[in-house]
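Residue numbers (the numbering used here): 1 to 209.
This report refers to the structure that appears directly beneath it.
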Amino acid sequence: MGKTMLRCIVRLCCLTSFVLVLSGGAYELKARAMDSPFPVFKHDYQHTGRSEYKGTDTAECKWTYPTNDQIVSSPTVSGDGIVYFGGLDGNVYAIGPDGHAKWFFSTKSNIFSTPAIDGSGTIYVGDTNNFLYAIGDDMKEKWKFRTGGAIMSSPNIGPDGTVYIGSWDGKLYAIGSDGVPRWTYQTGDSIVISSPAVSKDGTVYVGSR
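Printed below as a string of structure tokens:
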């Protein structure tokens, strides 16, 4: 995916959007995303973007890590300090706190999606070949789920462990941690790029074009 597609994405983000609200009913809150500094896009299932951890006081760069193509995916951080991110080279990278690679997993397609980490250490990420991947912390694929379009939406993990993801097919997907779909919601003739957010009562919020 080249500069033309990137420009297209920027234009799409500037267009007027609307928000869908899907109610999942109230349930007991059980933290299912990993207890770590930053396990999912925007930190938590509510997308507050706030972390209890203090950031650095200086602008000193500790290390850099080169990849084979651009990095559009935001990084997430596990409880043991491993940094996960995707690249346009199709790889999901696991980088240690010292800047050395632990492993990488190839999806063979562009990754715009920010990885999400659940409490068991499973990493969820989408690619432009329409797949949502579940990857173990041992670099092995647990399962993959195919949607009807490219995935640029970052997955979110609800309190009950459900993985929520949007797709260019205009659908919002709710996938169990076992890879079995729970439900889908068709937004109409539209594209879902935004990452779903989940409220405390189980309501799912997502934007579409």
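Yeah, the Cβ is synthetic: ideal placement off N, Cα and C, and Gly gets one too.
Quick one: complete beta strand (DSSP E) runs, 3+ long, within the stretch 167–204?
171–175 and 181–186
Taking only runs that begin and end inside the stretch 94–125, name each unbroken alpha helix (DSSP H) of 4 or more residues, in chain order.
none
Need the endpoints of the beta strand (DSSP E) that V83 sits in, please.
V83 to G86
Alpha carbon to alpha carbon, how far is K3 from L88?
Low confidence applies to K3: its pLDDT is 40, below 50, so where it sits in the model is not reliable enough to give any reading.
When you compare only the Cα positions, how much space is there between G119 and S190?
32 Å
Which one of T67, V204, Y93 and H100 has the shortest CA to CA distance from D160?
V204
Which of the three DSSP states, helix, strand or coil, is assigned to N156?
Three-state DSSP puts N156 in a strand.
Whose C-beta lies closer than 6 Å to the C-beta of D69 among residues of the same chain, with five residues either side of it excluded?
G87, L88 and D89
Closest to R209 by C-alpha separation, out of A174, S199, D201 and I193, would be which residue?
I193
What does the alpha-carbon distance come out to for the pair I123 and T114?
10 Å
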